[in-house]
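S.K.: I'd like to ask some things about the structure below.
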Amino acid sequence: MKRREFTFVLGGIAAGFWPRRHTIIAAMAAMVLLPIEVSDAGRLSHIFKSSSKHGKSPKHVTWRKPHPVKLAALGPVALNPFALKPIATMCDPSKFRIVLDVGHTAESEGAISARNVAEFVFNLRLAQRIEEKLRAEGFAETRLLLTEGKARPSLVKRVAAANNLHANLFLSIHHDSVPNTFLENWEFEGKKSHFSDRFSGYSVFVSRNNPDFKTSLLFAELVGKEMKAQGLQYARQYTQAVMGRYRHPLLNKETGVYSYDQLVVLRKARMPAALLEAGSIINRDEELKMDSPERRDIISSGVTAAVKEFCDPRWAILGAL
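Be aware that the sequence shown starts at 0, since it is given in numbering that gives the first Met the number 0, and climbs by one per residue.
Here it is in structure tokens:
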């Protein structure tokens with residue numbers, strides 16, 4: 000029996016026994032669960048930083064021996080996150096492995112916040128909260144990646160670690176700053192500090208040189224969409240000429256996804272990869288928000304929702320099944 004005929008039959012049977020609402024749900028479920036032809040997929044789609052020198056951090060993390068992860072493919076499903084429509088397969092969350100890369104290291108801590116806290120500290124706390132949320136949602140193979148060493152050597156190490164883990168997805172966690180020319184002086188708790196309240200907001204980056212750029216962009220779009228759904232605004236300064244060498248093309252003006260083509264962790268990863276700048280810690284007001292458990296919960300909830308939709312597009316349509 001063809002898929003369309005089966006859907007009509009199922010709808011007719013359900014109409015005789017269930018209220019209209021249950022009939023609609025049953026029909027939608029049948030459309031999702033049945034094999035989807037290429038032409039059907041098209042019909043479904045419409046319904047469906049400044050370096051620093053301070054800080055401490057854990058030095059290493061113990062890994063379990065990685066096992067190759069195989070996706071439980073149930074047939075191609077067309078996702079619909081804006082103009083780009085790559086194909087993704089539904090997966091088993093218990094086997095889906097996402098690597099959460101904690102940006103920077105104890106030796107090379109990234110930006111320094113307006114109140115003299117190293118970016119690495121912010122990155123670690125947020126990545127740990129995202130890991131907790133993902134594991135609570137059944138993504139048991141989530142890995143937190145901590146790397147040692149100076150800046151550039153650590154980039155090579157973290158990419159090699161993610162590749163060796165046979166990860167399905169790579170997300171690098173960071174917090175934003177501004178070029179030195181924008182910094183202003185102030186004192187915080189008797190210490191000389193720097194700030195810039197000029198810019199704020201999150202941003203998501205992908206590399207067009209990643210082996211799977213389309214899927215990387217798909218995931219980045221989902222993250223940006225979920226950040227926006229949480230009421231957050233994206234950082235808009237990266238397209239401005241004043242950013243100089245930190246200027247990047249904006250790929251989606253609705254969700255704040257930018258390209259950063261030469262970034263090592265994005266272009267060298269052998270899996271779909273994105274980088275999240277969660278917010279600006281050189282902005283004095285936003286730093287306080289980024290330091291709060293409430294903001295970490297908001298961001299981790301958004302990332303978790305994006306991973307769930309990336310793993311199984313039905314989640315965005317029907318909710319948890």
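We put the CB at the ideal spot given by N, CA and C, even for glycine.
Since this is a predicted model, take the numbers as computed values, not measurements.
(1) What three-state label does DSSP hand Tyr245 in the structure shown?
(2) Please state whether DSSP places Asn163 in a helix, a strand or coil.
(3) Helix, strand or coil: which one does DSSP assign to Tyr259?
(4) Please give the ranges of any alpha helix (DSSP H) in the region 117-166, keeping only runs that are unbroken, at least 4 residues long and fully inside the region.
(5) In angstroms, rounded to a whole number, what distance separates the CA positions of Ser202 and Ala161?
(6) Roughly how many whole angstroms lie between the Cα atoms of Arg295 and His174?
(7) Would you list the residues sitting across from Tyr237 in a DSSP beta bridge?
(8) If you reduce the DSSP assignment to three classes, tell me which class Glu183 lands in.
(9) Give me the residue from Val256, Arg96 and Ala113 with the minimum Cα distance to Lys213.
(10) If I measure Cβ to Cβ from Gly301 and keep anything under 6 Å in the same chain, skipping five residues before and after, which residues do I get?
(11) Run through DSSP, which three-state label would Glu253 get?
(12) Whole-angstrom Cβ separation of Lys191 and Asn184, contact assumed at under 8 Å?
(13) Tell me, please, which residues DSSP counts as bridged to Glu276.
(14) Examine the Cβ distances between the region 121-137 and the region 147-166 and report whether three or more of them are shorter than 8 Å.
(15) Contact check, Ala110 vs Ile281 under 8 Å by CB: the rounded distance?
(16) Which residues does DSSP list as the beta-bridge partners of Val101?
(17) Once DSSP output is grouped into helix, strand and coil, what is the label at Lys213?
(18) Provide the residue span of the beta strand (DSSP E) that contains Phe194, from first to last.
(19) Specify the secondary structure class of Ile111 as computed by DSSP and reduced to three states.
(20) Three or more C-beta pairs closer than 8 Å, one from the region 135-149 and one from the region 252-268: is that the case here?
(21) Pull up the CB-CB distance for Ser112 and Glu286, whole angstroms please, since I reckon it's below 8 Å.
(22) Going by the CB atoms, is the gap between Arg96 and Leu168 shorter than 9 Å?
(23) How is the alpha helix (DSSP H) around Leu287 delimited, first residue to last?
(24) Taking the straight line between their C-alpha atoms, what separation do you get for Phe204 and Arg269?
(25) If you run the structure through DSSP and keep just helix, strand and coil, what is Leu226?
(26) Apply the 10 Å Cβ neighbour rule to Ser291 and answer buried if 16 or more other Cβ atoms are within range, or exposed otherwise.
(27) Identify, in the order they occur along the chain, each residue of the same chain with its Cβ nearer than 6 Å to the Cβ of Phe218, setting aside the five sequence neighbours on each side.
(28) Given a threshold of 16 other Cβ atoms within 10 Å of its Cβ, counted over all protein chains shown, does Asp311 qualify as buried or as exposed?
(29) Relative to the alpha-carbon of Ser279, which residue among Ser107, Asn163, Ile172 and Val98 has its alpha-carbon at the smallest distance?
M.R.: So, to answer that:
(1) helix
(2) helix
(3) When DSSP states are grouped into helix, strand and coil, Tyr259 belongs to the coil group.
(4) 118-135 and 150-163
(5) 22 Å
(6) 12 Å
(7) BP columns for Tyr237 are empty, so no partner.
(8) strand
(9) Val256
(10) Excluding positions up to five away in sequence, the list reads Glu225, Met226 and Gln229.
(11) In the displayed model, Glu253 falls within coil according to three-state DSSP, outside both helix and strand.
(12) That pair is a contact at about 7 Å.
(13) The secondary-structure analysis by DSSP pairs Glu276 across a beta bridge with His173 and Ser202.
(14) No: fewer than three Cβ pairs fall under 8 Å.
(15) 6 Å
(16) Ile172
(17) helix
(18) Lys190 to Phe194
(19) Three-state result, Ile111: strand.
(20) Taking 8 Å as the limit for Cβ pairs, the verdict is that the region 252-268 does not touch the region 135-149.
(21) 5 Å
(22) yes
(23) Arg283 to Met289
(24) 16 Å
(25) The amino acid occupying residue 226 in the given sequence is Met; Leu does not appear at that position. Residue state, collapsed to three classes: helix.
(26) exposed
(27) Pro271, Ala273 and Phe309
(28) buried
(29) Nearest of Ser107, Asn163, Ile172 and Val98 to Ser279, Cα basis: Ile172.
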